[in-house]
Amino acid sequence: MTDISALLSQIPGTYYGFGNKSALLPDVLQPFEATRPNKKQVHGVRIVDVVEPAQESGEADGFYTALPGILLTVFSADCLPVIFCRKDGKRVGVIHAGWRGLKAGIIEKMAERINQDGSTANWVASVGPSAHPCCYEVSQALVDEFLTELDLPPALMVPSPRYLNLAAIAEAKLYQLGFGSVDHAGSCTICSTVSDTSGSESYKYTSFRRNSHQRAENPAHPGISGRNQQSGIIIIPK
1 MTDISALLSQ IPGTYYGFGN KSALLPDVLQ PFEATRPNKK QVHGVRIVDV
51 VEPAQESGEA DGFYTALPGI LLTVFSADCL PVIFCRKDGK RVGVIHAGWR
101 GLKAGIIEKM AERINQDGST ANWVASVGPS AHPCCYEVSQ ALVDEFLTEL
151 DLPPALMVPS PRYLNLAAIA EAKLYQLGFG SVDHAGSCTI CSTVSDTSGS
201 ESYKYTSFRR NSHQRAENPA HPGISGRNQQ SGIIIIPK
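Numbering (my numbering), first residue to last: 1 to 238.
#1: Spatial neighbours of Phe146 within its chain, please: CB distance less than 6 Å, with the 5 preceding and 5 following residues excluded, ordered by chain position.
#2: Name the DSSP bridge partner or partners of Asp183?
#3: Going by C-alpha distance, which of Asn115, Ala121, Asn20 is nearest Val74?
#4: Drop a sphere of 10 angstroms on the beta-carbon of Ile106, count the other beta-carbons inside from all chains shown, and report buried for 16 or more, exposed for fewer.
#5: Take the Cβ of Ser299 as the centre, count every other Cβ of all protein chains shown within 10 Å, and call the residue buried at 16 or more, exposed below.
#6: Starting from the Cα of Lys204, find the closest Cα among Thr193, Arg210, Asn211, Glu59 and give me that residue.
#7: When burial is assigned at 16 or more other CB atoms within 10 Å of the CB, is Asp144 buried or exposed?
#8: Whole angstroms is fine: what's the gap from Pro53's alpha carbon to Pro68's?
#9: Are Val45 and Ala104 close, meaning C-beta to C-beta below 7 Å?
#10: If we ignore side chains and look at the alpha-carbon of each, how far apart do Ala168 and Gly62 end up?
#11: Under 7 Å between the Cβ atoms of Leu250 and Ser181?
#12: Determine the closest residue to Arg210 out of Ile70, Pro219, Asp78, with distance taken between C-alpha atoms.
#13: Could you round the C-beta distance between His43 and Gly101 to whole angstroms and report it? I think they count as a contact, below 8 Å.
#14: The beta strand (DSSP E) spanning Asp49 covers which residue range?
#15: Among Gly178, Phe179, His184, whose alpha-carbon lies nearest the alpha-carbon of Leu166?
#16: Check this for me: beta carbons of Arg162 and Gln176, under 7 Å apart or not?
#17: Under three-state DSSP, which class holds Ala239?
#18: Under 8 Å Cβ to Cβ from Thr197, same chain only, skipping five residues before and after it: list those, please.
#19: For Leu72, I'd like the list of residues in its chain whose CB is within less than 8 Å of its CB, leaving aside the five on either flank, ordered along the chain.
#20: When the Cα atoms are used, what is the spatial distance from Pro31 to Pro237?
#21: Buried or exposed for Met1, please, with buried defined as at least 16 other CB atoms from any protein chain shown within 10 angstroms of its CB.
#22: Can you tell me whether DSSP reads Asn20 as helix, strand or coil?
#23: Count the other CB atoms within 10 Å of the CB of Pro81; is the residue buried (16 or more) or exposed (fewer)?
#24: Name the one or two DSSP bridge partners that Arg86 has.
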């Protein structure tokens with residue numbers, strides 16, 4: 001099952017995709033994997049301009065390019081992947097945004113970079129699969145930080161006690177920052193399942209939180225190191 005962004009699908013000259021357990025890197029992006037930047041994601045706000053294939057980018061959670069043929073991706077396993085594309089398909093970006101990144105302002109940093117070359121009004125953004133408020137329970141202390149630090153409606157951020165809605169927070173920030181259109185692709189990384197041809201169900205996404213719970217119950221349960229899904233976008237090389 002593929003996660004589709006209606007907005008990104010309408011933009012010419014690009015390929016995009018959101019990974020899941022069956023295709024950690026979406027099939028359409030796999031031929032370009034060797035071109036993606038080398039990076040270490042740290043839940044920070046640094047945005048890197050990518051100017052060459054396989055660029056060494058250090059610690060970063062956001063990437064931006066105007067060059068065809070360079071795949072931009074981020075790894076995720078409950079955090080938000082957000083894909084950005086100018087409406088003419090000539091510039092693209094991607095960020096990894098968990099609760100730390102959302103609070104610290106990584107979406108704002110990407111908007112700043114975009115505005116150096118034009119306006120966010122000429123871009124679309126697609127918020128990918130992540131932990132949804134059906135499952136994303138956090139501490140009251142963290143809830144209080146969001147309620148205190150972000151100027152957004154409390155019911156939007158915390159739709160039920162101690163459950164954060166990361167995707168809604170991201171969408172609200174994107175509209176505040178002037179993005180022309182925003183949509184969502186994918187479902188909850190913690191609880192979403194898929195059925196095979198025999199009717200057997202399995203989890204659709206890699207989930208750090210679900211895996212942590214499974215390992216707490218059974219220390220022999222395998223971790224997810226090296227098995228995070230990737231989401232990304234590329235301007236198609238001519």
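Heads up, the beta-carbon is just placed ideally off N, CA and C, and yes, glycines get one too.
Working from what's here:
#1: Counting only Cβ-Cβ distances below 6 Å, and skipping sequence neighbours, we find Met157.
#2: Asp183 is bridged to Ser126.
#3: Of Asn115, Ala121, Asn20, the residue nearest in Cα terms is Asn20.
#4: By the neighbour-count rule (16 or more Cβ atoms within 10 Å), Ile106 is buried.
#5: No information on residue 299 is available, as it lies outside the stretch 1 to 238 that the chain covers here.
#6: Lys204 has its Cα closest to that of Thr193, out of Thr193, Arg210, Asn211, Glu59.
#7: Counting Cβ neighbours within 10 Å, Asp144 comes out exposed, since fewer than 16 surround it.
#8: Their Cα atoms are separated by approximately 10 Å.
#9: The answer is yes: Cβ separation under 7 Å.
#10: When rounded, the distance between both Cα atoms is 19 Å.
#11: One cannot answer for residue 250 here, as it falls past the ends of the chain, which runs 1 to 238.
#12: Among Ile70, Pro219, Asp78, the Cα nearest to that of Arg210 is on Asp78.
#13: Contact holds; Cβ gap of about 6 Å.
#14: From DSSP, the beta strand (DSSP E) with Asp49 extends over 47 to 49.
#15: It is His184.
#16: Result no, Cβ atoms of Arg162 and Gln176 do not sit closer than 7 Å.
#17: A question about residue 239 goes unanswered here, because the residues of the chain that appear run from 1 up to 238.
#18: There are no such residues.
#19: Same-chain partners within the cutoff: Arg36, Pro37, Val50, Phe63, Tyr64, Thr65, Val92, Gly93, Val94, Gly232, Ile233, Ile234.
#20: Distance between the alpha carbons of Pro31 and Pro237 is about 12 Å.
#21: Residue placement at Met1 is poorly supported in this model, since its pLDDT is 46, which falls under 50; the coordinates are not used for a value here.
#22: Annotated three-state conformation of Asn20 is strand, per DSSP.
#23: With at least 16 other beta carbons inside 10 angstroms of its own, Pro81 counts as buried.
#24: The beta-bridge partner set that DSSP reports for Arg86 consists of Trp123.
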